[in-house]
Each structure stands twice: as structure tokens, then as C-alpha cells.
Ligand code: ACO
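In the numbering used here, the protein residues as written are 722 to 1045.
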């Protein structure tokens, strides 16, 4: 049996840089409040690019760094909470835009854990026979579902996409293991409203609300527990110690959440990669965007072990143990 290696990464962010001061012109907030409670200084908001456009641009960069032909892709998975249509899936839109006509394409919905879930799914497909290369993208236009009147949430999110090319390989390294979990009974903590049943046979006065809402404190408590738990779980199950891990790449939601995980795991903050100050929370895109930045900066060398760890709506969570 071969290994599943990441051979290329890419990213694309919303075009408009929106500072905390800019947000303070929309809702009653301040740079001081947002910075001290979250660590976020600015975020990128999409002006012209929809989810599949951001995903395609991130994918093009990943394909280039992987030095593969687009026709080599056997599989495309897009993780998103903000698809631009129910059907076609964002992955099918990306397939068409790329001209990746040999790929099977579909989306995964696992909110901010979507990239972790999608890597796990892709590695189950990659058998070295029918499926040799996969494109996995996390892409979001959260500005579309954010309630811009709700200061407790609209300050947190941004738009962007991150992509990775996975390859079945006989070479050592790659995805060592993935741990994922869900708890649907806590779904109400973070939701984007719902679509009610509406047809000629049902009368409903409730038109539904499709804006994002969040029980911030509850999600915070969940996050500070689930990050250390997921990291420990994936290490224990593979008899690998934290000392062997060069970097932990967490979902970029809140600096204080990462700080708490750092204390609980007894891992210094400089071994966590953080870019939420520039982009805010980009949900499924946050981990692959971070990974691409690290790759571009040359922070990860062949043989280095890293952990990607995410949590989010669903509730969902998960961690990937990876050898570069
Ligand atoms: N500006 C100014 N004041 C604000 C703002 C704002 N933007 N938002 C809330 N406040 C006020 C509140 O009204 C409240 O005022 P009050 O005390 O007079 O009632 C006060 O600030 C404190 O509000 P809290 O909600 O208690 O603030 P908290 O310290 O919990 O921080 C936050 C809120 C940042 C949302 C925090 O709970 C958090 O980070 N939660 C986790 C969120 C998260 O990680 N979400 C994403 C995970 S999943 C995914 O990525 C989709």
C-alpha cells in the first residue's frame, strides 16, 4: 500500500482588505475590542469572486506548484459552507473552470472542519489504480451569509480559498492518520438558518433566515477542549510524541482559542501557525490557506511532521497527522 502525499498547495483571498476600523463604520465596535477578544486586525472580503472562482484560483496555484497537468486530476473535493448553488456543486463548477475533465467532483459540508474531512475522504479514494491524484479545496464566501447587523459575529469572518494536491505515492511520508468527530446534537451553537418546507401544498409564514448565528461562548468552550483532545488523540493512536511535531496548524478562529490550546498542550505559541490577524476566520479555507503560506515561506521541509487541527459548525472537529 502506498502513501498519500501533499505535492502542491495554493490560496486565493477576497480582493478587498477590510480593517477593524472599517467594520466600526458598519456596527458598534472598535479595533480595540476586536483585537483584544479575537486577535483579528483585518479580513479579506470578496467583491467579484464567488466561491468557485476563489476555489479555482487557489487550485490553479496548487496545480502549478505540484507541477502536474490538470487532466491528471482524478478527484476534486471542495469543502464549503457557502456554495454558490445547491447544484451544480462547487466542485463541479471548479472542474468545469479548470477543464479537469477526468475528475470525479463533489462537495463536503463540515463547516470549519471541512478541509480535514475532505482530506480524509480523498485519501480513502486514492488507491493508485483508478484514483492517483486529487485536488482538495476549502473555499468560502462567508460575507454572503454573515449578518452584517450582528456585531458579535460580523467582525470574525473573511472570504478565501486554500487548495492542496494529493498524490498516491510509493515514497515515504504523507498523511499518517486522520481523526474526525461530530456531535449533531450541538448543531444549534453555530448555524446559518434553515430553509423551511415551502410548496403549493404547505402554507408557511416563516420565511426562514439564512444568516449565520453563533453561541460564541459555547463554541469557545468547545474549541478550547477539542483542539487539545484531537491533537492528543491522533498522536496517541500513532505512538508519536508532541516533541516530534514541528508545527500545529489550527483552524484560524480566535487567537485566545489557540493560546488556550498552547497552554493545555504545553506547546509554545511559536509552534502554532497563525494568520488570523490578516484574514479572520475563513472557515473551511483557513487551514489550507495557512498551509500554503507555510509552504511558500519554506517553513516545512521534507520529513517534517505537522498536525492540522480544525473544529466548527455541526459540531464537527478533526486532526490530521502529516509527514511532509
Ligand atoms: N464589539 C464590541 N462589543 C462587542 C462585540 C463587538 N464586535 N461583540 C460583542 N460585544 C459585546 C457584547 O455585547 C457583550 O457586552 P455586554 O457585556 O454588555 O453584554 C461583551 O462584548 C462581551 O461579549 P461576549 O460574547 O461575552 O464576548 P466574548 O469574550 O465571549 O467574545 C467571541 C466573543 C469573540 C465571539 C468569542 O466568544 C469567541 O471567539 N467564540 C468562539 C467563536 C469561534 O471560534 N467561532 C468559530 C468556530 S466555528 C467556525 O469557524 C464557523
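Even glycine gets a Cβ: it sits at the ideal position worked out from N, Cα and C.
- Cβ-Cβ distances below 8 Å link residue 844 to 725, 887, 896, 899 in the same chain, with the five nearest sequence neighbours on each side left out; the list follows chain order.
- Contact check for residue 917 and residue 934: beta-carbon distance about 16 Å, past the 8 Å limit, so the pair fails to qualify.
- Relative to residue 963, the option among 1001, 951, 764 whose CA is nearest is 951.
- Distance from the CA of residue 764 to the CA of residue 878, rounded to the nearest whole angstrom, comes to 7 Å.
- Linking residue 1030 to residue 930 through their CA atoms gives a straight-line distance of about 30 Å.
- Boundaries around residue 741 are those of the alpha helix (DSSP H), 741 to 744, since no beta strand (DSSP E) includes it.
- DSSP, reduced to helix, strand and coil, places residue 973 outside both helices and strands of the structure shown, so it counts as coil.
- For the ligand ACO, no non-hydrogen atom lies closer than 8 Å to the CB of residue 868.
- Residue environment for residue 1024: exposed (fewer than 16 other C-beta atoms within 10 angstroms of its C-beta).
- Distances between the C-beta of residue 995 and the heavy atoms of the ligand ACO are all 8 Å or more.
- By the beta-carbon neighbour count (other beta carbons within 10 angstroms, threshold 16), residue 735 is buried.
- About 18 Å separates the beta carbon of residue 894 from that of residue 1009, a gap too long to meet the 8 Å contact definition.
- In the DSSP annotation of this structure, residue 916 is not part of any beta strand (DSSP E), being labelled neither H nor E.
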